[in-house]
Ligand SMILES: [Zn+2]
Ligand SMILES: [Zn+2]
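Protein chains in written order, with UniProt numbering: chain A, 1 to 491; chain B, 1 to 491.
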């Protein structure tokens, strides 16, 4: 167990908070609810961004940038949006400070009051559809496939690093289409992009599904999501993709002339993932010794620690390491040679373990004689002695194996934690004892969903896309149901 | 001349505004002073970001992210900073909206007033140094070499796309060092990084220099800058790098224990470039037909337009183009095959000219017979017929030649527009007739600088780094001076 790190068993929530800070991922700032993403944490986010950005571009999207501020009146234009969307927003009311002649420092200049307040964007559908109005006249202008990487603000009262912060970073895709079919296909495509990313880069299996009407995004006709399971048995929504129908086009009067010459409203989608994924990455794989990072997202994939007693030994080791480093880097593997002379090897081992570096290589004088190195895997903690010959290839294969293994472990865990229940008693018992996803029949009404949520805190995470039809009875009301849905207590 | 584009001679300022919009770079949003950066414009910014980001990382910096909001009291902590920095800031005073029962829509909830107002960051020195306090105890924690890519807001009253907007995108580097020497070396290094980028990627020559005390960043002991010349003879500050001394460390009480065990305040730098560079790029090279983009920053480097009369011809041309496209892409050259059947070749030629694509290739049936293509350069408008054999290499060389040529043209223009003057009469005459940089003696006082600015609108852009010492007399006061400084009317 890492020094001073609370264990998962003792307090999972505390373990998470400590780990995020001790591993130098993020910390609380002096601004309530806003975090500082530290360089090590940010470098993981940059890797996530690079992979996602390439996937967006490969599927035909371009990036653009829209204003941080949204006129207050815009939020009122789409009725469901304003009704359903949380009202906890940062509101800009003034545009100037002035020197305070009495107390020094600055005060807000009361003469500089805005005529209309501006809202710091909590999401950008309104400002973007107001912009699209000017971009779209005919079917030739469609589709518009645009993404934005941006910061957004939602004034959360209870915040946790990465999982729920007032300001967070995200990407929001906003597309415009000539037909409903095309918009739905886009919505589904982007869900697949997210699932592919989370499974194959974050090494985290997800359930793809649709939200119930009650859990949909405000203004959406349909919300697709991917849901992942954390080690404490709670679910985490890792990404959403919304089919918005013509709601925003109607609210902002965005029409196009079709090939047939007829005017119609434009069809819309939006989709997003955020720095919340950082929280999911930490919670899904890490252990009581620190982070466990999947190699594909680890900023440092291999760390090399020299073990020496004299300068002469150190020099000999460095010569070998530098050549190994070059070989690994030629394969696109990122390597850190930790030759600090201010710290002992044991300290370094613990530090890189805490930071989740997938492979650690130690080399001492004896190794040089034997032409070997000691290799330690972060995921399984296994150590092995490997011959130096062909080492770069062996490390490359090992990294792939680690990526696979982390995924399989998470997959096995999830497999063990999807429980089918047929009664409300069982349902409550599973939630209390083992949590995880609970697969149960539901009568399809808002009322039942709400009552279950009130009584158990469990929400319907999704109706899985590949759900088999199956006759059954609602666990709460006994009313007939045609399929099971996935419940869980969620982040 | 491009359709509907005002010429530079008729109205340079209008030409610029129209070009930015017609070339799909950016447009005004519904939020006063905030722009929308459109996909084509944003793709140029992304190329700039990628190059700069690599240069920052190659010089040892990491990215991180700090809060969008700054507590109002922070701005008062560094006396020069608060005194000198513009007070036009967006101020957040409330954190919640609520439904308006009377008029529908939403209103600001008066019960949700913040105890302390938050300022949307106009720059992040204060919040970052408040954070660094927690990161720095000993010399072992130094240097901190951090950069942030972010949006910032300064409530400008008169705005112009890219050049001056209320919200803009930028990067801000913030470094912390154990010694003044190291911080000064960092300040100078980052100025060199900027100059290298602007000259070798943007193809725009710059003067490296230092600001006068009067033009320094608020809180800096020394401000270095790079200054470029636009086609209308106005100067544009393209980047700044500040040596902040210990001012922010003192304001936020950031001390470190040195190797000698003594406590001292930390030394700081900050440096930044912004989407303003997009404005410089447009204004420096473009002409009355549209954008002229240097190949190294052009999102599309080569456009291929087929010229055909039948489907059969079109198919034959496409086969040839697809193979050429692959060859070019294998060299890292971005190619757009514009085979839209909804537009005529002449329309396409004008469109890609407007958008500044460096090389246009046209292929018709006759070309297929002759194994030739028609190649047009955007920078010189020259056309040539080239044999298809070895074409990819020829295009690669041509792109390099265009990059060089654009730089040399800007360099020659600047050479013609640095004028040495020795009297105030000459000074004023040059400003009125040809503008550009005016090299003149100045007595070194704030008063003289201010009076010249009031009377002529010209400011001291910088004291060039490589300035030769030379005895002379101030053009305004006749007082002795030891060197010339560069004046100009600036954006
Ligand atoms: Zn906390
Ligand atoms: Zn305007």
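C-beta: ideal position from N, C-alpha, C; glycine also.
{"Asked": "With a CB to CB cut of under 8 angstroms and the five nearest residues on each side skipped, what residues in its chain are close to residue 204/A?", "Found": "198, 228, 238, 280, 281, 284, 285, 407 and 410"}
{"Asked": "Mapping DSSP to helix, strand and coil, what is residue 173/B?", "Found": "strand"}
{"Asked": "Please name the residue or residues paired with residue 459/A in a DSSP beta bridge.", "Found": "488/A"}
{"Asked": "With a Cβ-Cβ cutoff of 8 angstroms, do residue 70/A and residue 121/A count as a contact?", "Found": "yes"}
{"Asked": "Give, in chain order, every unbroken run of the alpha helix (DSSP H) that is at least 4 residues long and sits entirely within the segment 317–365 of chain B.", "Found": "345–354"}
{"Asked": "Tell me whether residue 311/B is buried or exposed, calling it buried when 16 or more other Cβ atoms sit within 10 Å of its Cβ.", "Found": "exposed"}
{"Asked": "Please identify, using Cβ separations under 7 angstroms, the residues of the segment 76–92 of chain B that lie next to chain A, in order along the chain.", "Found": "76, 82, 87, 88, 89, 90, 91 and 92"}
{"Asked": "State the start and end residues of the unbroken alpha helix (DSSP H) segment that holds residue 266/A.", "Found": "No alpha helix (DSSP H) holds residue 266/A; DSSP gives it neither H nor E."}
{"Asked": "Would you say the beta carbon of residue 240/A is closer than 7 angstroms to some non-hydrogen atom of ligand 3?", "Found": "Looking at this structure, you won't find ligand 3 anywhere; what it does contain is ligand 1 and ligand 2."}
{"Asked": "Under 8 angstroms, with one C-beta from each stretch per pair, do the segment 267–276 of chain A and the segment 179–195 of chain A reach the 3-pair mark?", "Found": "yes"}
{"Asked": "According to DSSP, is residue 162/B part of a helix, a strand, or is it coil?", "Found": "coil"}
{"Asked": "Hey, which unbroken runs of the alpha helix (DSSP H) at 4 residues or more fall wholly within the segment 25–71 of chain A?", "Found": "39–58"}
{"Asked": "Look up residue 437/B in the DSSP assignment and give the residues it is bridged to.", "Found": "418/B"}
{"Asked": "Which bits of chain B does residue 342/A rub up against, with CB to CB less than 9 angstroms?", "Found": "140"}
{"Asked": "Using a Cβ cut-off of 8 angstroms (strictly closer), state whether residue 124/A contacts chain B.", "Found": "no"}
{"Asked": "Using only CA atoms, which one of 347/B, 178/B, 431/B and 164/B lies nearest to residue 258/B?", "Found": "178/B"}
{"Asked": "Determine whether the Cβ of residue 354/B lies closer than 8 angstroms to any Cβ atom of chain A.", "Found": "no"}
{"Asked": "Is residue 29/A near residue 131/B, with beta carbons less than 8 angstroms apart?", "Found": "yes"}
{"Asked": "Is there a Cβ from chain A that is less than 8 angstroms from the Cβ of residue 300/B?", "Found": "no"}
{"Asked": "Can you give the Cα-Cα distance for residue 141/B and residue 342/A, rounded to whole angstroms?", "Found": "12 angstroms"}
{"Asked": "Starting from residue 194/A, trace the alpha helix (DSSP H) in both directions and tell me its first and last residue.", "Found": "180–200"}
{"Asked": "Against chain B, which members of the segment 273–289 of chain A pass a CB distance test of less than 9 angstroms?", "Found": "275"}
{"Asked": "DSSP on residue 84/A, reduced to helix/strand/coil?", "Found": "helix"}
{"Asked": "Beta-carbon of residue 174/A versus every beta-carbon of chain B: anything under 8 angstroms?", "Found": "no"}
{"Asked": "Quick one: measure Cβ to Cβ for residue 240/A and residue 201/A, integer angstroms, because I've assumed they're closer than 8 angstroms.", "Found": "With a Cβ gap of about 18 angstroms, residue 240/A and residue 201/A do not count as contacting."}
{"Asked": "Measuring CA to CA, which of 412/B, 424/B and 32/B is closest to residue 233/B?", "Found": "412/B"}
{"Asked": "In chain order, what residues of the same chain have a beta carbon less than 6 angstroms from the beta carbon of residue 164/A, not counting five sequence neighbours either side?", "Found": "156"}
{"Asked": "What residue range is occupied by the uninterrupted alpha helix (DSSP H) comprising residue 134/A?", "Found": "125–135"}
{"Asked": "For a cutoff of 8 angstroms on Cβ pairs, would you count residue 186/A as touching chain B?", "Found": "no"}
{"Asked": "Measure the Cβ-Cβ separation of residue 96/A and residue 168/A and say whether it is below 8 angstroms.", "Found": "no"}
{"Asked": "Give the C-beta separation of residue 306/B and residue 323/B to the nearest angstrom, bearing in mind that I take them to be a contact with Cβ-Cβ under 8 angstroms.", "Found": "So it is not a contact: roughly 14 angstroms between Cβ atoms."}
{"Asked": "Please confirm whether residue 221/A and residue 244/A have their CB atoms less than 8 angstroms apart.", "Found": "yes"}
{"Asked": "Given 8 angstroms as the limit, is there contact between the segment 420–430 of chain A and the segment 362–376 of chain A, that is, 3 or more CB pairs closer than that?", "Found": "no"}
{"Asked": "Go to residue 384/A, then tell me how far its beta strand (DSSP E) extends in each direction, as first and last residue.", "Found": "383–387"}
{"Asked": "In terms of alpha-carbon separation, which member of 242/B, 196/B, 208/B and 226/B lies closest to residue 217/B?", "Found": "242/B"}
{"Asked": "Using the beta-carbon of each residue, which ones in chain B are nearer than 8 angstroms to residue 146/A?", "Found": "39"}
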